[in-house]
Amino acid sequence: MHRCFVSSNQRPQYIAGVYALGTFDGVHIGHSALIEEAVRIAGERGTACGVYTFDVHPMQVVCPERAPATLMTIHDRLGLMESCGVDVAIVRAFDVGLARMAPEFFVTDVLRDSLDAECVVVGFDYSFGHGGAGTPARLESLARNAGIEARVLPPVEIRGELASSTGIRAALACGDVGRAARLLGRRHFVRGVVARGRGVGRGIGIPTANVSVPAGIALPMPGVYACVARSGQSPESPAVCNIGVRPTFDDQARGVTLEVHIMDASPDLYGTSLTVEFAARLRDELKFADPAQLAEQIKEDMAAARILLSF
């Protein structure tokens, strides 16, 4: 997949005939359905399929104080888009100028003149242009006048719930990683570099990897989770992780951290990138009388995680 990062409305190095439009935070089952429909249409027309998206969530520019945590980095988004069969990804740096662009100019200047779009595919709740004034119906009208076909897809639901990035964030906020996984179509994951900690876990016989997750990435609510971890090309390993402030060690000053104990392995992971997939919530984070009690509880957590993960 060609990846084009652009900062203005200039014509990208690579273009397509059919584009899926959206932020696609999380690339959930609704996003996947939309992108796959764009891929299908492009295949029928014998042209390339592209995605036009943004480097950041638009709210980070329009109203930073109300911007939500994002479900993944732009690079993880692009990787999932590529797995859907996309040929070209146009990543536009979202800025004030783009936020203030009138819907009419977005269609003519961006979709027609810059991207040379023949057809665009959007979701039922797509908005564009200054103040989000552009609706799917308005896009259909403006695109028609510009010689572009616009297709609007209906909502995607699972178990009666709408697939949405907002719903996934809400599920994570209450620790319901199972619900988040249903809406995503896979487990929610985070990825970060393993940093050196205080060595407390190793001191009680349960070494942990301290994962530095990029700022602004959504984590499940504090607690202990059954996880699957992997580093580089290594096979997946069962793991338990703690998201919290380590109250047993009076270490709250460090803030919320993500610590992962990888079972059946104790590799030197310092400085490597670790991917952690959340499978199930096991319990709240607790304060124990001493480290020995904590170690015993973690062993129980590990046993429960093995059963849940079938490792």
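Count the sequence shown with my numbering and you get residues 375 to 685, in order.
Beta carbons are placed, not taken as given, at the ideal position from N, Cα and C, and that holds for glycine.
*Label Y500 either buried or exposed according to how many other C-beta atoms from any shown protein chain fall within 10 Å of its C-beta, with 16 as the threshold for buried.*
Its Cβ being crowded by 16 or more others within 10 Å, Y500 is buried.
*asked:* Taking 8 Å as the cut-off, does the segment 467 to 481 touch the segment 501 to 514 (at least 3 CB pairs, one atom from each stretch)?
replied: Touching, per the Cβ criterion.
_C-alpha gap between N646 and R553, whole angstroms_ = Going by the sequence as given, residue 646 is Thr instead of Asn. Taking the straight line from one Cα to the other gives about 30 Å.
*Output yes or no for whether 8 Å exceeds the beta carbon distance between H402 and A537.*
H402 is a Cβ neighbour of A537, given a cutoff of 8 Å.
*Mind checking whether G606 and V587 have CB atoms under 8 Å apart?*
No; because the gap between Cβ atoms is not below 8 Å, this pair is not in contact.
*L683 and A600 closer than 8 Å at C-beta*: For L683 and A600, yes; Cβs fall inside 8 Å.
*I think C378 touches V462, with their Cβ atoms under 8 Å apart; what is that distance to the nearest whole Å?*
Right, their Cβ atoms sit about 7 Å apart.
*Pick helix, strand or coil for S382, following the three-state DSSP scheme.*
If DSSP states are grouped into helix, strand and coil, S382 belongs with coil.
*Taking 7 Å as the line, does the beta carbon of C437 fall inside it for any heavy atom of the ligand COA?*
Of ligands this structure carries none, so the ligand COA is not represented either.
*asked:* Just to confirm the assignment: which complete alpha helix (DSSP H) runs, minimum length 4, are found wholly within the segment 380 to 463?
replied: Runs of the alpha helix (DSSP H) inside the segment 380 to 463: 403 to 419, 433 to 436 and 448 to 457.
*asked:* Does A600 come out as helix, strand or coil in the three-state DSSP assignment?
replied: In this structure, A600 counts as strand in the three-state DSSP scheme.
*When the Cα of R525 is compared with those of I409, I532 and A678, which residue comes out closest?*
The option with the nearest alpha carbon to R525 is I409.
*Beta-carbon proximity list for A443, same chain, < 7 Å, skipping 5 on both sides*: Answer for A443: R543, G590, I591 and A592, listed in chain order.
*How would you write the range of the alpha helix (DSSP H) that G618 sits in, first residue to last?*
Not the alpha helix (DSSP H): G618 falls in the beta strand (DSSP E), residues S611 to G618.
*asked:* On a Cα-Cα basis, can you pick out the residue from G459, V634, P432 and F685 that is closest to F563?
replied: Distance from the Cα of F563 is smallest, within the candidate group G459, V634, P432 and F685, for V634.
_Please classify P594 as buried or exposed, where buried requires at least 16 other C-beta atoms within 10 Å of its C-beta._
Flag for P594 reads buried.
_Rounding to the nearest angstrom, what Cα-Cα distance links D675 and G597 in this structure?_
D675 and G597: Cα-Cα distance of roughly 12 Å.
*Where in the segment 491 to 542 do unbroken runs of the beta strand (DSSP E), each at least 3 residues long, occur, reported from the N-terminal end onward?*
Within the segment 491 to 542, the complete beta strand (DSSP E) runs of at least 3 residues are 493 to 497 and 523 to 527.
*Proximity below 8 Å, CB of L557 to CB of G541*: In contact: L557 and G541 (Cβ atoms closer than 8 Å).
*Look at C583 and L656 and say whether their C-beta atoms are less than 8 Å apart.*
Residue 583 is actually Ala in this sequence, not Cys. Not closer than 8 Å, so no.
*For V495, which option in L513, F480, H449 and L452 has the closest C-alpha, if you only look at C-alpha atoms?*
Nearest of L513, F480, H449 and L452 to V495, Cα basis: L513.
*Can you tell me whether DSSP reads F468 as helix, strand or coil?*
It is coil, neither helix nor strand.
*Given a threshold of 16 other Cβ atoms within 10 Å of its Cβ, counted over all protein chains shown, does A569 qualify as buried or as exposed?*
Classification for A569: exposed.
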